[in-house]
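In the numbering used here, the protein residues as written are 1037 to 1489.
Following this line, the structure appears as C-alpha coordinates:
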(Lines of atoms letter the chains of each structure in order from A and count residues from 1; the text may use other names and numbers.)
(Lines give C-alpha, C1' and ligand atoms only; values in the text may rest on other atoms or scores of the structure.)
Protein backbone atom coordinates (compact mmCIF):
# COMPACT_ATOMS: atom_id res chain seq x y z
CA UNK A 1 0.00 0.00 0.00
CA UNK A 2 1.42 3.38 -1.03
CA UNK A 3 1.81 5.89 1.76
CA UNK A 4 0.98 9.59 1.42
CA UNK A 5 1.96 12.37 3.82
CA UNK A 6 -0.20 15.52 4.03
CA UNK A 7 1.59 18.61 5.41
CA UNK A 8 -1.04 21.32 5.94
CA UNK A 9 -1.94 23.53 8.92
CA UNK A 10 -5.68 23.43 8.14
CA UNK A 11 -7.37 20.37 9.74
CA UNK A 12 -10.31 20.63 7.32
CA UNK A 13 -8.00 20.33 4.30
CA UNK A 14 -6.21 17.36 5.87
CA UNK A 15 -9.53 15.67 6.64
CA UNK A 16 -10.85 16.08 3.09
CA UNK A 17 -7.64 14.80 1.52
CA UNK A 18 -7.42 11.87 3.96
CA UNK A 19 -10.99 10.78 3.15
CA UNK A 20 -10.40 10.92 -0.62
CA UNK A 21 -7.02 9.22 -0.58
CA UNK A 22 -8.04 6.53 1.93
CA UNK A 23 -10.98 5.62 -0.30
CA UNK A 24 -8.50 5.19 -3.16
CA UNK A 25 -6.56 2.64 -1.11
CA UNK A 26 -3.66 4.81 0.10
CA UNK A 27 -2.33 4.89 3.66
CA UNK A 28 -2.39 8.53 4.81
CA UNK A 29 -0.20 10.33 7.37
CA UNK A 30 -0.75 13.90 8.58
CA UNK A 31 1.47 16.72 9.82
CA UNK A 32 0.28 20.23 10.88
CA UNK A 33 3.52 21.98 9.82
CA UNK A 34 6.75 21.51 7.89
CA UNK A 35 8.98 20.73 10.87
CA UNK A 36 6.70 17.91 12.02
CA UNK A 37 6.39 16.67 8.42
CA UNK A 38 10.16 16.49 7.96
CA UNK A 39 10.48 14.68 11.29
CA UNK A 40 7.96 12.08 10.12
CA UNK A 41 9.84 11.65 6.82
CA UNK A 42 12.87 10.45 8.77
CA UNK A 43 10.97 7.57 10.37
CA UNK A 44 8.13 6.75 7.96
CA UNK A 45 8.67 5.59 4.33
CA UNK A 46 6.56 7.90 2.15
CA UNK A 47 5.68 7.70 -1.56
CA UNK A 48 4.01 11.10 -2.03
CA UNK A 49 3.81 14.39 -0.12
CA UNK A 50 0.97 16.93 -0.26
CA UNK A 51 2.62 20.18 0.84
CA UNK A 52 0.85 23.45 1.65
CA UNK A 53 2.79 26.44 0.34
CA UNK A 54 1.89 28.63 3.34
CA UNK A 55 2.84 27.01 6.65
CA UNK A 56 3.67 28.15 10.18
CA UNK A 57 7.19 27.71 11.65
CA UNK A 58 8.74 26.80 8.28
CA UNK A 59 7.47 27.89 4.86
CA UNK A 60 6.50 25.39 2.19
CA UNK A 61 9.25 26.52 -0.19
CA UNK A 62 11.90 25.84 2.47
CA UNK A 63 10.34 22.44 3.25
CA UNK A 64 10.33 21.61 -0.48
CA UNK A 65 14.00 22.49 -0.79
CA UNK A 66 14.87 20.04 2.01
CA UNK A 67 12.65 17.34 0.51
CA UNK A 68 14.33 17.69 -2.90
CA UNK A 69 17.79 17.42 -1.31
CA UNK A 70 17.12 14.55 1.11
CA UNK A 71 14.33 12.60 -0.63
CA UNK A 72 14.87 13.19 -4.38
CA UNK A 73 12.69 10.28 -5.58
CA UNK A 74 9.62 11.26 -3.51
CA UNK A 75 7.08 13.26 -5.55
CA UNK A 76 5.66 16.45 -4.02
CA UNK A 77 2.27 18.03 -4.81
CA UNK A 78 1.90 21.66 -3.76
CA UNK A 79 -1.36 22.95 -2.24
CA UNK A 80 -1.85 26.63 -3.01
CA UNK A 81 -4.38 29.35 -2.37
CA UNK A 82 -5.28 31.63 -5.27
CA UNK A 83 -3.00 34.37 -3.95
CA UNK A 84 -0.03 32.02 -3.85
CA UNK A 85 -0.04 30.80 -7.47
CA UNK A 86 3.27 32.54 -8.22
CA UNK A 87 4.87 30.69 -5.30
CA UNK A 88 3.39 27.44 -6.57
CA UNK A 89 4.95 28.01 -9.99
CA UNK A 90 8.27 28.69 -8.27
CA UNK A 91 7.86 25.40 -6.38
CA UNK A 92 7.39 23.48 -9.65
CA UNK A 93 10.61 25.02 -10.97
CA UNK A 94 12.30 23.72 -7.81
CA UNK A 95 11.12 20.16 -8.54
CA UNK A 96 7.53 19.83 -7.29
CA UNK A 97 5.41 17.52 -9.45
CA UNK A 98 2.42 19.90 -9.77
CA UNK A 99 0.15 22.11 -7.67
CA UNK A 100 -3.48 22.05 -6.55
CA UNK A 101 -5.34 25.28 -6.03
CA UNK A 102 -7.85 25.68 -3.20
CA UNK A 103 -10.72 24.86 -3.09
CA UNK A 104 -9.52 21.39 -4.04
CA UNK A 105 -10.84 19.66 -7.16
CA UNK A 106 -11.37 16.08 -5.94
CA UNK A 107 -11.01 14.52 -9.40
CA UNK A 108 -7.72 16.37 -9.91
CA UNK A 109 -6.52 15.23 -6.47
CA UNK A 110 -7.01 11.59 -7.47
CA UNK A 111 -5.49 11.97 -10.96
CA UNK A 112 -2.39 13.86 -9.79
CA UNK A 113 -1.87 11.41 -6.90
CA UNK A 114 -1.84 8.46 -9.30
CA UNK A 115 0.50 10.21 -11.74
CA UNK A 116 2.88 11.42 -9.03
CA UNK A 117 3.16 7.98 -7.42
CA UNK A 118 3.74 6.44 -10.85
CA UNK A 119 6.61 8.89 -11.36
CA UNK A 120 8.01 7.94 -7.96
CA UNK A 121 7.91 4.26 -8.97
CA UNK A 122 9.74 5.04 -12.22
CA UNK A 123 12.42 6.91 -10.28
CA UNK A 124 12.90 3.93 -7.98
CA UNK A 125 13.05 1.54 -10.93
CA UNK A 126 15.65 3.77 -12.54
CA UNK A 127 17.74 3.61 -9.38
CA UNK A 128 17.39 -0.20 -9.33
CA UNK A 129 18.47 -0.44 -12.96
CA UNK A 130 21.48 1.73 -12.22
CA UNK A 131 22.39 -0.54 -9.32
CA UNK A 132 21.90 -3.66 -11.46
CA UNK A 133 24.10 -2.16 -14.15
CA UNK A 134 26.98 -1.51 -11.77
CA UNK A 135 28.70 -4.75 -12.89
CA UNK A 136 29.36 -3.14 -16.27
CA UNK A 137 29.96 0.34 -14.86
CA UNK A 138 32.61 0.16 -12.19
CA UNK A 139 36.34 0.60 -11.87
CA UNK A 140 38.00 -2.78 -11.52
CA UNK A 141 41.48 -3.03 -10.07
CA UNK A 142 43.67 -2.67 -7.01
CA UNK A 143 46.71 -1.06 -8.60
CA UNK A 144 48.11 2.12 -7.10
CA UNK A 145 46.75 4.26 -9.94
CA UNK A 146 43.18 2.97 -9.46
CA UNK A 147 43.38 3.35 -5.67
CA UNK A 148 44.44 6.97 -6.13
CA UNK A 149 41.49 7.65 -8.44
CA UNK A 150 39.05 6.14 -5.91
CA UNK A 151 40.52 8.35 -3.19
CA UNK A 152 40.19 11.51 -5.31
CA UNK A 153 36.58 10.61 -6.12
CA UNK A 154 35.85 10.05 -2.44
CA UNK A 155 37.34 13.41 -1.49
CA UNK A 156 35.87 15.51 -4.30
CA UNK A 157 32.53 13.87 -5.23
CA UNK A 158 30.32 15.95 -2.95
CA UNK A 159 31.92 19.25 -3.91
CA UNK A 160 31.02 21.13 -7.08
CA UNK A 161 34.71 21.42 -8.02
CA UNK A 162 35.34 20.99 -11.73
CA UNK A 163 37.38 17.90 -12.63
CA UNK A 164 39.62 17.29 -15.65
CA UNK A 165 40.27 13.64 -16.49
CA UNK A 166 43.39 12.87 -18.54
CA UNK A 167 44.26 9.54 -20.13
CA UNK A 168 44.67 7.61 -23.36
CA UNK A 169 41.78 6.32 -25.46
CA UNK A 170 40.01 3.34 -23.92
CA UNK A 171 41.33 3.80 -20.38
CA UNK A 172 37.90 4.51 -18.86
CA UNK A 173 37.70 8.30 -18.55
CA UNK A 174 33.90 8.27 -18.93
CA UNK A 175 33.72 5.57 -16.24
CA UNK A 176 35.57 7.90 -13.85
CA UNK A 177 33.24 10.78 -14.74
CA UNK A 178 30.16 8.63 -14.05
CA UNK A 179 31.68 7.40 -10.77
CA UNK A 180 32.12 11.03 -9.71
CA UNK A 181 28.52 11.82 -10.59
CA UNK A 182 27.08 8.68 -8.96
CA UNK A 183 29.04 9.37 -5.74
CA UNK A 184 27.84 12.97 -5.51
CA UNK A 185 24.70 14.62 -4.16
CA UNK A 186 23.72 15.16 -7.82
CA UNK A 187 23.47 11.41 -8.51
CA UNK A 188 19.69 11.47 -9.01
CA UNK A 189 19.91 14.38 -11.44
CA UNK A 190 20.96 14.19 -15.13
CA UNK A 191 24.38 13.08 -16.31
CA UNK A 192 24.73 14.63 -19.77
CA UNK A 193 27.66 13.70 -22.00
CA UNK A 194 28.96 15.76 -24.92
CA UNK A 195 31.55 14.31 -27.29
CA UNK A 196 33.20 17.54 -28.39
CA UNK A 197 35.20 15.77 -31.12
CA UNK A 198 32.07 14.39 -32.79
CA UNK A 199 30.18 17.68 -33.20
CA UNK A 200 30.94 19.89 -36.24
CA UNK A 201 32.28 23.33 -35.33
CA UNK A 202 29.26 25.12 -36.80
CA UNK A 203 26.88 23.09 -34.58
CA UNK A 204 28.76 23.03 -31.27
CA UNK A 205 27.20 26.26 -29.95
CA UNK A 206 23.67 25.04 -30.65
CA UNK A 207 24.48 21.65 -29.13
CA UNK A 208 25.81 23.18 -25.92
CA UNK A 209 23.53 26.18 -25.45
CA UNK A 210 20.44 25.41 -27.56
CA UNK A 211 18.54 27.72 -29.91
CA UNK A 212 15.21 29.49 -30.22
CA UNK A 213 12.65 28.61 -32.86
CA UNK A 214 13.44 30.40 -36.13
CA UNK A 215 16.90 31.55 -35.01
CA UNK A 216 18.46 30.08 -38.16
CA UNK A 217 17.45 28.04 -41.20
CA UNK A 218 16.25 24.65 -40.00
CA UNK A 219 15.52 25.77 -36.42
CA UNK A 220 11.89 24.64 -36.55
CA UNK A 221 11.43 24.56 -32.79
CA UNK A 222 13.07 25.59 -29.54
CA UNK A 223 15.92 23.28 -28.59
CA UNK A 224 17.49 23.04 -25.17
CA UNK A 225 21.27 22.70 -25.16
CA UNK A 226 23.35 20.26 -23.14
CA UNK A 227 24.07 22.85 -20.43
CA UNK A 228 20.34 23.33 -19.87
CA UNK A 229 19.60 19.60 -20.02
CA UNK A 230 22.21 19.01 -17.31
CA UNK A 231 20.68 21.60 -14.95
CA UNK A 232 20.96 20.29 -11.39
CA UNK A 233 23.27 17.49 -12.49
CA UNK A 234 26.58 16.94 -14.25
CA UNK A 235 27.80 17.94 -17.71
CA UNK A 236 30.61 15.75 -19.06
CA UNK A 237 32.66 17.42 -21.82
CA UNK A 238 34.48 14.47 -23.38
CA UNK A 239 37.42 15.18 -25.74
CA UNK A 240 37.26 18.81 -24.63
CA UNK A 241 40.61 19.63 -26.29
CA UNK A 242 38.99 19.04 -29.70
CA UNK A 243 36.65 21.98 -29.20
CA UNK A 244 37.23 25.05 -31.40
CA UNK A 245 38.67 28.19 -29.83
CA UNK A 246 35.41 30.05 -30.50
CA UNK A 247 33.40 27.43 -28.63
CA UNK A 248 35.98 27.41 -25.84
CA UNK A 249 35.40 31.13 -25.26
CA UNK A 250 31.63 30.62 -24.92
CA UNK A 251 32.09 27.62 -22.62
CA UNK A 252 34.46 29.64 -20.43
CA UNK A 253 31.88 32.41 -20.07
CA UNK A 254 29.08 29.93 -19.30
CA UNK A 255 31.19 28.18 -16.64
CA UNK A 256 32.15 31.47 -15.01
CA UNK A 257 28.62 32.87 -14.84
CA UNK A 258 26.45 29.74 -15.03
CA UNK A 259 24.38 31.80 -17.47
CA UNK A 260 24.18 31.83 -21.26
CA UNK A 261 22.00 32.82 -24.20
CA UNK A 262 20.40 30.34 -26.53
CA UNK A 263 21.12 31.11 -30.18
CA UNK A 264 18.55 33.71 -31.18
CA UNK A 265 17.46 34.20 -27.56
CA UNK A 266 16.96 37.51 -25.79
CA UNK A 267 16.89 36.25 -22.20
CA UNK A 268 19.74 34.59 -20.35
CA UNK A 269 19.26 31.03 -19.11
CA UNK A 270 20.61 30.29 -15.62
CA UNK A 271 21.74 26.78 -14.70
CA UNK A 272 23.32 24.87 -11.83
CA UNK A 273 25.74 22.42 -13.43
CA UNK A 274 28.86 20.59 -12.33
CA UNK A 275 31.33 20.35 -15.21
CA UNK A 276 33.64 17.37 -15.70
CA UNK A 277 35.94 17.34 -18.73
CA UNK A 278 38.24 14.77 -20.30
CA UNK A 279 40.83 14.55 -23.06
CA UNK A 280 43.33 12.05 -24.43
CA UNK A 281 45.60 14.84 -25.68
CA UNK A 282 48.68 16.38 -24.07
CA UNK A 283 46.78 19.39 -22.77
CA UNK A 284 49.88 21.43 -21.90
CA UNK A 285 51.21 21.00 -25.43
CA UNK A 286 47.80 22.04 -26.79
CA UNK A 287 48.05 25.23 -24.72
CA UNK A 288 51.63 25.91 -25.86
CA UNK A 289 50.55 25.52 -29.48
CA UNK A 290 47.56 27.86 -28.92
CA UNK A 291 45.02 25.13 -29.59
CA UNK A 292 43.49 25.35 -26.12
CA UNK A 293 42.78 28.40 -23.96
CA UNK A 294 44.91 28.54 -20.83
CA UNK A 295 42.19 30.37 -18.86
CA UNK A 296 39.67 27.64 -19.71
CA UNK A 297 42.20 25.01 -18.66
CA UNK A 298 42.58 26.62 -15.23
CA UNK A 299 38.78 26.78 -14.89
CA UNK A 300 38.33 23.12 -15.78
CA UNK A 301 41.38 21.66 -14.05
CA UNK A 302 40.49 22.36 -10.41
CA UNK A 303 40.80 18.65 -9.59
CA UNK A 304 42.99 16.70 -12.07
CA UNK A 305 42.69 12.92 -12.44
CA UNK A 306 45.09 10.82 -14.51
CA UNK A 307 43.68 7.48 -15.68
CA UNK A 308 46.54 5.01 -16.23
CA UNK A 309 46.80 2.94 -19.39
CA UNK A 310 46.45 -0.83 -19.10
CA UNK A 311 50.22 -1.24 -19.45
CA UNK A 312 50.66 1.01 -16.40
CA UNK A 313 48.34 -1.22 -14.34
CA UNK A 314 48.99 -4.63 -15.86
CA UNK A 315 48.74 -6.19 -12.36
CA UNK A 316 44.99 -5.54 -12.63
CA UNK A 317 44.68 -7.80 -15.70
CA UNK A 318 43.48 -10.96 -13.83
CA UNK A 319 40.77 -8.94 -12.03
CA UNK A 320 39.66 -7.32 -15.28
CA UNK A 321 39.58 -10.66 -17.09
CA UNK A 322 37.44 -12.25 -14.35
CA UNK A 323 35.11 -9.23 -14.37
CA UNK A 324 34.55 -9.34 -18.13
CA UNK A 325 34.25 -13.13 -18.12
CA UNK A 326 31.37 -12.86 -15.62
CA UNK A 327 29.85 -10.02 -17.59
CA UNK A 328 29.68 -12.03 -20.81
CA UNK A 329 28.69 -15.39 -19.33
CA UNK A 330 25.14 -16.39 -20.38
CA UNK A 331 22.57 -16.43 -17.58
CA UNK A 332 22.49 -19.70 -15.66
CA UNK A 333 26.00 -20.77 -16.69
CA UNK A 334 29.20 -20.79 -14.67
CA UNK A 335 31.83 -18.29 -15.91
CA UNK A 336 34.87 -19.81 -17.55
CA UNK A 337 38.48 -18.92 -16.84
CA UNK A 338 41.71 -18.36 -18.74
CA UNK A 339 44.71 -20.55 -17.96
CA UNK A 340 47.72 -19.14 -16.13
CA UNK A 341 49.75 -19.40 -19.35
CA UNK A 342 46.97 -17.63 -21.23
CA UNK A 343 46.98 -14.76 -18.73
CA UNK A 344 50.76 -14.50 -19.01
CA UNK A 345 50.41 -14.30 -22.78
CA UNK A 346 47.77 -11.58 -22.46
CA UNK A 347 50.04 -9.63 -20.08
CA UNK A 348 52.68 -9.48 -22.83
CA UNK A 349 50.23 -8.18 -25.42
CA UNK A 350 50.52 -4.44 -26.29
CA UNK A 351 46.96 -3.32 -25.49
CA UNK A 352 47.00 -0.10 -27.49
CA UNK A 353 43.21 0.18 -27.09
CA UNK A 354 43.53 -0.29 -23.33
CA UNK A 355 40.49 -1.49 -21.33
CA UNK A 356 38.13 -1.02 -24.28
CA UNK A 357 40.24 -3.35 -26.42
CA UNK A 358 40.48 -5.88 -23.60
CA UNK A 359 36.71 -5.78 -23.06
CA UNK A 360 36.03 -6.43 -26.76
CA UNK A 361 38.54 -9.27 -26.79
CA UNK A 362 36.95 -10.91 -23.73
CA UNK A 363 33.49 -10.72 -25.29
CA UNK A 364 34.76 -12.28 -28.52
CA UNK A 365 36.75 -15.11 -26.93
CA UNK A 366 33.90 -15.91 -24.55
CA UNK A 367 31.48 -16.31 -27.46
CA UNK A 368 33.77 -18.08 -29.91
CA UNK A 369 35.57 -20.60 -27.69
CA UNK A 370 34.51 -23.80 -25.88
CA UNK A 371 35.59 -25.46 -22.67
CA UNK A 372 35.72 -24.29 -19.06
CA UNK A 373 39.36 -23.16 -19.26
CA UNK A 374 40.64 -21.14 -22.20
CA UNK A 375 44.17 -22.20 -23.10
CA UNK A 376 47.20 -20.19 -24.19
CA UNK A 377 46.78 -21.61 -27.70
CA UNK A 378 43.29 -20.15 -27.98
CA UNK A 379 44.44 -16.82 -26.58
CA UNK A 380 47.24 -16.75 -29.17
CA UNK A 381 44.79 -17.70 -31.91
CA UNK A 382 42.52 -14.76 -31.13
CA UNK A 383 45.21 -12.18 -30.46
CA UNK A 384 47.57 -13.34 -33.15
CA UNK A 385 50.88 -15.08 -32.43
CA UNK A 386 53.00 -12.24 -33.71
CA UNK A 387 51.28 -9.71 -31.43
CA UNK A 388 51.61 -11.80 -28.31
CA UNK A 389 55.35 -12.29 -28.81
CA UNK A 390 57.69 -10.61 -26.37
CA UNK A 391 58.06 -6.86 -26.86
CA UNK A 392 61.14 -5.51 -28.58
CA UNK A 393 63.85 -3.98 -26.35
CA UNK A 394 62.81 -0.53 -27.63
CA UNK A 395 59.20 -1.04 -26.44
CA UNK A 396 60.44 -2.51 -23.17
CA UNK A 397 62.17 0.83 -22.54
CA UNK A 398 59.66 3.31 -23.94
CA UNK A 399 56.38 1.37 -24.20
CA UNK A 400 54.83 2.67 -20.93
CA UNK A 401 55.71 6.34 -21.48
CA UNK A 402 53.59 9.12 -22.94
CA UNK A 403 54.43 9.89 -26.57
CA UNK A 404 56.08 13.25 -25.83
CA UNK A 405 58.07 11.75 -22.92
CA UNK A 406 59.27 8.83 -25.05
CA UNK A 407 60.13 11.16 -27.94
CA UNK A 408 62.14 13.54 -25.74
CA UNK A 409 64.04 10.75 -24.00
CA UNK A 410 64.85 8.99 -27.27
CA UNK A 411 65.92 12.28 -28.88
CA UNK A 412 68.23 13.04 -25.97
CA UNK A 413 69.86 9.59 -26.17
CA UNK A 414 70.25 9.85 -29.96
CA UNK A 415 71.77 13.35 -29.83
CA UNK A 416 74.26 12.35 -27.15
CA UNK A 417 75.31 9.29 -29.17
CA UNK A 418 75.73 11.24 -32.44
CA UNK A 419 77.68 14.02 -30.74
CA UNK A 420 80.08 11.48 -29.24
CA UNK A 421 80.38 9.64 -32.57
CA UNK A 422 81.23 12.90 -34.40
CA UNK A 423 83.69 14.13 -31.76
CA UNK A 424 81.22 16.85 -30.64
CA UNK A 425 81.52 18.58 -34.02
CA UNK A 426 78.28 20.57 -34.23
CA UNK A 427 78.25 21.05 -38.02
CA UNK A 428 79.00 17.41 -38.75
CA UNK A 429 76.46 16.14 -36.20
CA UNK A 430 73.77 18.47 -37.55
CA UNK A 431 74.45 17.27 -41.11
CA UNK A 432 74.37 13.67 -39.93
CA UNK A 433 70.98 14.24 -38.26
CA UNK A 434 69.58 16.24 -41.17
CA UNK A 435 68.91 19.41 -39.14
CA UNK A 436 70.33 22.93 -39.01
CA UNK A 437 73.23 23.65 -36.59
CA UNK A 438 71.08 26.32 -34.89
CA UNK A 439 68.39 23.70 -34.30
CA UNK A 440 70.97 21.34 -32.83
CA UNK A 441 72.23 24.09 -30.48
CA UNK A 442 68.66 24.59 -29.25
CA UNK A 443 68.22 20.89 -28.54
CA UNK A 444 71.59 20.71 -26.74
CA UNK A 445 70.43 23.57 -24.52
CA UNK A 446 66.97 22.00 -24.03
CA UNK A 447 68.40 18.68 -22.79
CA UNK A 448 71.40 20.16 -20.96
CA UNK A 449 73.86 18.05 -22.97
CA UNK A 450 77.54 18.51 -22.20
CA UNK A 451 79.86 19.39 -25.10
CA UNK A 452 83.37 17.99 -24.64
CA UNK A 453 86.10 19.72 -26.63
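In this text, a Cβ means the ideal position worked out from N, Cα and C, and glycines have one as well.
Only a predicted model underlies this, so the values are computations on that prediction, with no experimental measurement involved.
Endpoints, beta strand (DSSP E) assigned at residue i
| i | result |
| --- | --- |
| residue 1067 | 1063-1067 |
| residue 1112 | 1111-1116 |
| residue 1310 | 1310-1315 |
| residue 1087 | 1084-1088 |
| residue 1328 | It is not in any beta strand (DSSP E) - residue 1328 carries neither H nor E in the DSSP assignment. |
| residue 1357 | It is not in any beta strand (DSSP E) - residue 1357 instead sits in the alpha helix (DSSP H) that spans 1353-1363. |
| residue 1341 | 1339-1342 |
| residue 1297 | 1295-1297 |
Cβ neighbours of residue i in the same chain (closer than 6 angstroms, five flanking residues each side left out)
| i | result |
| --- | --- |
| residue 1414 | 1405 |
| residue 1176 | 1355, 1356, 1359 |
| residue 1330 | 1323 |
| residue 1024 | Residue 1024 falls outside the range modelled here, since the chain spans only 1037 to 1489, and no answer is possible. |
| residue 1464 | 1458 |
| residue 1279 | 1232 |
Reduced DSSP secondary structure (H/G/I, E/B, other) of residue i
| i | result |
| --- | --- |
| residue 1248 | coil |
| residue 1442 | helix |
| residue 1172 | Bear in mind that the predicted position of residue 1172 carries a pLDDT of just 43, short of 50, making it too unreliable to give a figure here. |
| residue 1196 | coil |
| residue 1047 | helix |
| residue 1055 | helix |
| residue 1136 | strand |
| residue 1167 | Summary for residue 1167: the model assigns pLDDT 43, below 50, so the residue's position carries little reliability, and this model does not support an answer. |
| residue 1405 | coil |
| residue 1288 | helix |
| residue 1273 | strand |
| residue 1227 | strand |
| residue 1307 | coil |
| residue 987 | Coverage of the chain is limited to positions 1037 through 1489, which leaves residue 987 absent and any answer about it impossible. |
| residue 1385 | coil |
| residue 1426 | Low confidence applies to residue 1426: its pLDDT is 41, below 50, so where it sits in the model is not reliable, and the reading given next is rough at best. Residue state, collapsed to three classes: coil. |
| residue 1239 | coil |
Residue i versus the options, residue with shortest Cα-Cα distance
| i | options | result |
| --- | --- | --- |
| residue 1314 | 1478, 1205, 1096 | 1205 |
| residue 1300 | 1348, 1353, 1248, 1254 | 1248 |
| residue 1072 | 1060, 1059, 1087 | 1087 |
| residue 1282 | 1409, 1269, 1326 | 1326 |
| residue 1148 | 1135, 1157, 1158 | 1135 |
| residue 1059 | 1114, 1129, 1105, 1145 | 1145 |
| residue 1274 | 1302, 1230, 1291 | 1230 |
| residue 1298 | 1256, 1251, 1340, 1279 | 1251 |
| residue 1245 | 1214, 1290, 1219, 1225 | 1290 |
| residue 1284 | 1097, 1332, 1461 | 1332 |
| residue 1217 | 1480, 1351, 1203, 1198 | 1198 |
| residue 1395 | 1409, 1069, 1419, 1039 | 1419 |
| residue 1340 | 1203, 1242, 1364, 1365 | 1203 |
| residue 1338 | 1471, 1200, 1185, 1097 | 1200 |
| residue 1352 | 1443, 1182, 1366, 1226 | 1182 |
| residue 1089 | 1138, 1209, 1438, 1053 | 1138 |
| residue 1287 | 1303, 1318, 1241, 1302 | 1241 |
Residues of its chain near residue i, where Cβ-Cβ distance is below 7 angstroms and the 5 sequence neighbours each way are ignored
| i | result |
| --- | --- |
| residue 1322 | 1277, 1328 |
| residue 1078 | none |
| residue 1468 | 1454, 1458 |
| residue 1102 | 1074 |
Residue interval of the alpha helix (DSSP H) (run including residue i)
| i | result |
| --- | --- |
| residue 1040 | First-last for residue 1040: 1039-1043, but that is the beta strand (DSSP E), not the alpha helix (DSSP H). |
| residue 1482 | 1473-1483 |
| residue 1414 | 1412-1419 |
| residue 1263 | 1262-1265 |
| residue 1467 | 1462-1469 |
| residue 1122 | 1121-1129 |
| residue 1093 | Where residue 1093 is concerned, there is no enclosing alpha helix (DSSP H), given that its DSSP letter is neither H nor E. |
| residue 1215 | 1209-1218 |
| residue 1075 | 1070-1079 |
Beta-carbon proximity list for residue i, same chain, < 8 angstroms, skipping 5 on both sides
| i | result |
| --- | --- |
| residue 1228 | 1262, 1265, 1266, 1269, 1270, 1271, 1272 |
| residue 1113 | 1084, 1085, 1086, 1087, 1132, 1133, 1134, 1135, 1136, 1148, 1149, 1152 |
| residue 1037 | 1061, 1062, 1063 |
| residue 1292 | 1335 |
| residue 1219 | 1189, 1190, 1193, 1194 |
The region 1368-1377 touching the region 1228-1239, judged by at least three CB pairs closer than 8 angstroms: Contact between the region 1368-1377 and the region 1228-1239 is absent: fewer than 3 CB-CB pairs across the two stretches fall below 8 angstroms.
Meets three-Cβ-pair contact criterion under 8 angstroms: the region 1250-1269 and the region 1291-1310: In short, these stretches touch, since the Cβ pair count reaches three.
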